[in-house]
Amino acid sequence: MIAEVIVDVAAYPIDRPFDYAVPYNMQEVIECGVRVKVPFGPRKVLGYVVQLKMETDLDESKLKPIDELIDLEPVLSNELLKLSKIVARETLAYEIDALQVMLPAAMRGKYEKFIEVEELSEIENPALVSLLKGRTRMPLKQVTDPALLKIIKEYAKEGIITVDTAISQRTKVKTVRMIHIANAEKLQAIDETIHANAKKQKELLEWLKGHANETIVVATVLRESSIQAPVLKALIKKGAAIESSVETYREPDAPKLRDTEVPLNLTDEQRSALDLVNKSSDNNTPETFLLHGITGSGKTEVYLQAISHVLKKGKEAIVLVPEISLTPQMTSRFQQRFGSLVAVMHSGLSAGEKYDEWRKIHRKEVKVVVGARSAIFAPFENIGIIILDEEHESTYKQEDNPRYHARDVAIWRSEYFNCPVILGSATPSLESYARASKGVYTLLELSKRAKNQELPSVTVVDMREELKDGNRSMFSVPLAEAVRIRLEKKEQIVLFLNKRGFSSFVLCRDCGTVVQCPNCDISLTYHRSNESLKCHYCGHEEVVPLKCPECESEHIRFFGTGTQKAEEEIAKLFPAARVLRMDVDTTRQKGSHERILRKFSEGGADILLGTQMIAKGLDFPNITLVGVLAADTTLHLADFRAAEKTFQLMTQVSGRAGRHELAGEVFIQTYTPEHYAIELAKTQHYEPFYNMEMGTRKQYGYPPFFYITLIQFSHEDLMKVIDYADKGATFIKNSLSPETFIIGPASAAISRVNNRYRYQCLIKYKKEPKLIETLQQLIKMYRTSWMKDGLLMSVDVDPSSIF
DNA sequence: AGCACGCCGACT
DNA sequence: GTCGGCGTGCTC
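At position 798 of the first sequence the residue is numbered 798 (the UniProt record's numbering), and the sequence of numbers has no breaks.
Now the structure itself:
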């Protein structure tokens with residue numbers, strides 16, 4: 001028997017299956033989808049069995065045998081193996097990367113070299129003898145002296161020492177030690193053999209007698225009997241109990257309320273949406289629905305009941321949410337409805353916890369997984385529904401290899417399992433809404449809020465007028481007044497500012513110099529906490545200059561605002577207000593996210609000030625005012641999705657206000673109130689924005705009218721990057737159809753990062769059957785020759801941003 | 001990617 | 001004379 005194995009080596013010529021002989025003793029147990037340890041050249045590596053066969057094109061006597069089976073059961077189903085091939089091809093990634101992304105990081109191979117000595121007496125070197133301490137096997141990394149390494153090499157040549165690579169998981173299965181206590185007669189018999197002096201043993205034995213035939217965790221036994229471990233050990237030796245290790249899970253410590261929530265009554269709109277989804281699931285059709293529901297319209301309830309429906313049929317469900325909204329508020333709702341049938345996967349879990357959640361899914365102990373992007377690869381084998389909440393979020397696109405989009409994977413899996421997909425959003429991506437309009441997806445509309453509350457009233461404040469009136473604060477007069485009123489009424493306020501830190505740049509008022517990063521083509525950001533200037537791209541950090549580095553003027557000023565500065569200004573304007581700041585800097589610690597939100601929900605603060613991360617999912621009854629301090633920050637990015645992102649953000653943020661009994665009010669401060677993304681966010685009507693934005697996209701040839709692929713080049717040498725970018729663009733031009741547009745190559749928006757010059761090239765196409773093949777050839781040229789010259793190139797099919 | 005093999009300068 | 005520098009080439 002022969003196994004095709006994809007080995008854990010990400011390199012161009014290795015990106016294909018290698019054939020291995022399956023030793024006789026493995027033939028009965030080996031299956032596709034198990035991990036194996038195989039010899040590869042002079043070393044041992046981890047690999048995935050992707051195919052079993054009886055014949056090979058190679059000289060069969062040259063095949064090496066598989067060294068070891070790492071799994072007895074497949075960790076990847078045939079469906080996932082098939083999917084990995086597609087993901088690798090469509091995203092132009094290595095197949096090994098596509099395989100690894102489907103499994104928790106804990107299961108990736110950890111390699112450790114060991115030296116093994118057959119006959120210790122043959123080792124004469126005293127340093128090595130003392131290091132071995134009588135062991136015949138020790139980790140090679142314990143040898144630090146380079147001279148000794150050389151000696152080991154020599155011993156290895158002579159065959160006295162062998163070097164062996166151990167491959168293990170990064171994180172092990174957690175086990176607890178348990179004992180099974182013998183029956184009463186046996187305990188009595190042992191009792192009679194124990195000497196009367198052994199008081200502690202007698203004491204423990206009495207305790208054990210009270211628990212005859214039971215299986216108990218060792219730690220519990222010791223605690224409850226107040227006896228030390230050695231005593232128990234002695235009794236185990238005498239046969240009073242049998243000790244064993246039992247696999248267990250690391251329980252994420254989030255408080256779990258289970259099975260306590262019941263389905264809510266549905267509105268007519270929710271009901272008809274649910275009926276359509278259930279019908280498609282009953283008919284086993286792989287239909288994709290776009291659930292377009294305004295904020296507060298109760299999309300989650302539709303998800304919950306659609307899941308209920310498929311669970312009743314014995315099928316499983318995957319729910320994806322953006323990482324940022326994977327708050328306890330969201331996940332506990334699923335746990336309350338489905339109890340212990342839910343596994344949760346998010347970045348806050350440790351590697352071990354993620355691994356445990358994965359094992360629960362793999363063993364079919366749960367039926368629902370709620371998680372971020374990578375949960376789309378949950379190892380279910382009978383999926384009944386897949387849901388992507390906030391489907392427009394760019395976090396569904398992975399930014400490194402394999403650059404897959406969870407939405408594409410969801411649709412592929414739904415076709416395999418013949419089940420529906422729900423894409424849910426208040427502000428769908430243009431791509432999805434366009435597909436729904438064309439009938440590719442089925443559009444479901446929720447146009448009313450579930451509790452019939454009014455949408456909050458939105459006021460756009462023109463900050464140019466404020467400036468003219470002499471208000472140079474970051475709070476306009478109307479917003480400041482509104483804040484003051486809420487503070488008086490003891491209602492809560494959310495303030496949104498899409499920029500962390502303090503100031504965005506440092507400018508000399510005499511010569512106009514902006515302090516730049518020495519390695520990148522970008523200005524430095526001022527951080528108040530340690531009085532430094534930082535580059536957010538390469539990590540460069542320097543002290544704040546007191547004089548302009550160009551003209552030595554002392555008139556240096558900080559411009560732009562971040563959350564840190566906003567916090568200070570609030571303190572000045574409203575000294576009595578209690579403020580909670582929530583951004584990357586205040587949520588770095590594990591659990592701080594939850595802590596801040598809990599404090600706010602318990603009324604521990606009046607104002608929640610934050611970035612992106614407060615835009616979604618918050619649902620607190622007492623929030624009646626939302627203020628967007630600067631709506632323009634996302635609007636002027638050099639990206640075709642800038643307007644869409646801004647509209648989505650404004651709508652999402654506004655949706656935080658007045659979700660319950662109290663009416664909500666929203667203020668949006670901007671320097672460009674006439675821009676349609678802001679103008680139309682006022683009414684929070686999606687359709688007019690969609691129509692407007694579609695016009696722009698059509699005019700400039702962007703998605704959804706064209707597909708796009710972005711190719712980025714970078715090199716330390718400006719001339720070389722231009723040269724290679726030209727070569728690449730020319731190659732693509734010559735290979736693709738004449739209807740396809742090649743934009744560039746042109747310098748990237750940030751033309752230099754970390755001392756590397758950046759160029760990029762955009763491919764726009766409507767239909768391009770040869771795209772993947774062409775890109776494969778381009779990558780081949782890059783990997784076989786250009787890379788050696790110091791070039792870095794990346795290919796991103798359907799990039800989330802071209803910035 | 002690693003690792004071994006192989007062919008040329010500065011040291012015991 | 002040897003140790004070791006990293007160029008080149010292969011991995012079932």
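Glycine residues also receive a C-beta, built at the ideal position from the N, C-alpha and C atoms. Just so we're clear, the structure is a prediction, and the values are computed from it rather than from any experiment.
Beta-carbon contacts of A677 that lie in its chain and below 6 Å, excluding the five residues immediately before and after
The residues A643, T646 and F647, in chain order, have a CB closer than 6 Å to that of A677 in the same chain once the five nearest residues on each side in sequence are set aside.
Is the distance from the Cβ of C517 to the Cβ of L507 below 8 Å?
No, the pair does not count as a contact, with Cβ atoms beyond the cut-off.
Please classify I242 as buried or exposed, where buried requires at least 16 neighbouring CB atoms within 10 angstroms.
Exposed is the call here.
Any contact between the stretch 40-57 and the stretch 152-161? By contact I mean 3 or more CB pairs, one from each, below 8 Å.
As far as the Cβ criterion goes, the stretch 40-57 does not touch the stretch 152-161, which means the pair count is below three.
Mapping DSSP to helix, strand and coil, what is F558?
It is a strand residue.
Evaluate P745 with the Cβ neighbour count: other Cβ atoms within 10 Å of its Cβ, from every protein chain shown; 16 or more gives buried, anything less gives exposed.
Of the other Cβ atoms in all chains shown, 16 or more fall within 10 Å of the Cβ of P745; this residue is therefore buried.
With DSSP run on the structure shown, which of helix, strand or coil describes M102?
For M102, the secondary structure class from DSSP, reduced to helix, strand or coil, is coil.
With DSSP run on the structure shown, which of helix, strand or coil describes Y20?
DSSP places Y20 in the strand class (E or B) of the three-state scheme.
Assuming the contact rule is C-beta atoms closer than 8 Å, residue 804 and L291 should be a hit. Round their C-beta distance to whole Å, please.
Here the chain covers residues 1 to 803 and nothing more, so residue 804 does not appear.
Distance check for T633 and D408, CA to CA, integer angstroms please.
Linking D408 to T633 through their CA atoms gives a straight-line distance of about 30 Å.
Does the stretch 24-37 come into contact with the stretch 58-71, if we say contact requires no fewer than three beta-carbon pairs (one atom in each stretch) closer than 8 Å?
Output reads yes: the stretch 58-71 touches the stretch 24-37.
Any idea which residues DSSP pairs Q51 with across the strands?
Here Q51 is bridged, per DSSP, to E4.
Buried/exposed call for I199, threshold 16 Cβ in 10 Å:
According to the sequence displayed, residue 199 carries Lys and not Ile. Classified as exposed, K199 has fewer than 16 neighbouring CB atoms from the shown chains inside 10 Å of its CB.
How many angstroms separate the CA atom of I70 from the CA atom of L205?
Rounded to the nearest angstrom, the two C-alpha atoms are 41 Å apart.
Quick one: what's I623 bridged to in DSSP?
Assignment of beta-bridge partners to I623 by DSSP yields Q492.
Grouping DSSP H, G and I as helix and E and B as strand, with all else coil, what is F640?
DSSP places F640 in the coil class of the three-state scheme, outside both helix and strand.
Can you check DSSP and say which residues form a bridge with L608?
According to DSSP, which records beta bridges pairwise, L608 is partnered with V494 and L580.
Less than 8 Å between C-beta atoms, sequence neighbours within five positions excluded: which residues of the same chain meet that for I376?
Around I376, the same chain offers I318, L320, I386, A406, V409, A410 and R413 as residues with beta carbons nearer than 8 Å, after the five sequence neighbours per side are excluded.
Which residues mark the beginning and the end of the beta strand (DSSP E) in which Q669 is found?
Note, Q669: beta strand (DSSP E), E665 to T670.
Start and end residues, beta strand (DSSP E) containing E112:
If you look at E112, you'll find it in the beta strand (DSSP E) that goes G109 to V117.
Please report the distance separating the alpha-carbon of R403 from that of A93.
A straight-line Cα-Cα distance of about 8 Å links R403 and A93.
Cut-off 6 Å between Cβ atoms - residues of its own chain near V247, not counting five sequence neighbours on either side:
Reading off the sequence, residue 247 comes out as Glu, not Val. The beta carbon of E247 lies closer than 6 Å to those of V173 and T175 in the same chain, with the five residues before and after it left out.
Quick check for students: name the residue ranges of the alpha helix (DSSP H) that lie wholly in the stretch 369-431, counting only runs of 4 or more.
For the stretch 369-431, whole alpha helix (DSSP H) runs of length 4 or above, ordered along the chain, are 406-417.
Look at the alpha carbon of S785 and the alpha carbon of E323, and state the distance between them as a whole number of angstroms.
When rounded, the distance between both Cα atoms is 39 Å.
Same chain, Cβ closer than 7 Å to M26, five either side skipped, listed in chain order:
Same-chain partners within the cutoff: I66 and L69.
Of the listed residues K113, I2, R170 and A749, nearest to residue 830 (C-alpha basis)
For residue 830 there is no data in the structure shown, the boundaries of the chain being 1 and 803.
Based on Cα-Cα distance, which residue from F289, V302, P688 and L235 lies nearest to D268?
Checking every option, the nearest Cα to that of D268 belongs to V302.
Tell me whether D67 counts as near the ligand ADP, meaning its Cβ is closer than 7 Å to at least one heavy atom of that ligand.
With respect to small molecules bound, the structure shown includes none, and the ligand ADP cannot be examined in it.
What first and last residue would you give for the alpha helix (DSSP H) that runs through residue 807?
Outside the modelled stretch of the chain, which goes from 1 to 803, sits residue 807, for which no answer is possible.
Measuring only the C-alpha atoms, how far is K590 from E550?
For K590 and E550, the distance between alpha carbons rounds to 43 Å.
Along the beta strand (DSSP E) that carries I743, what are the first and last residues, could you check?
Its beta strand (DSSP E) spans residues F741 to V753.
Looking only at C-alpha atoms, which of A156, D356 and S340 sits nearest to V368?
Distance from the Cα of V368 is smallest, within the candidate group A156, D356 and S340, for S340.
Using DSSP's beta-bridge definition, name the partner residues of K44.
Paired residue(s): P39.
Indicate whether the contact test is met: 3 or more Cβ pairs, each with one atom in the stretch 721-736 and one in the stretch 767-776, closer than 8 Å.
Verdict: yes, contact present.
Quick one: Cα of P738 to Cα of V9, how far?
P738 and V9: Cα-Cα distance of roughly 38 Å.
Where does the unbroken alpha helix (DSSP H) through Q564 begin, and where does it stop?
Run containing Q564: T563 to L573, per the alpha helix (DSSP H) assignment.
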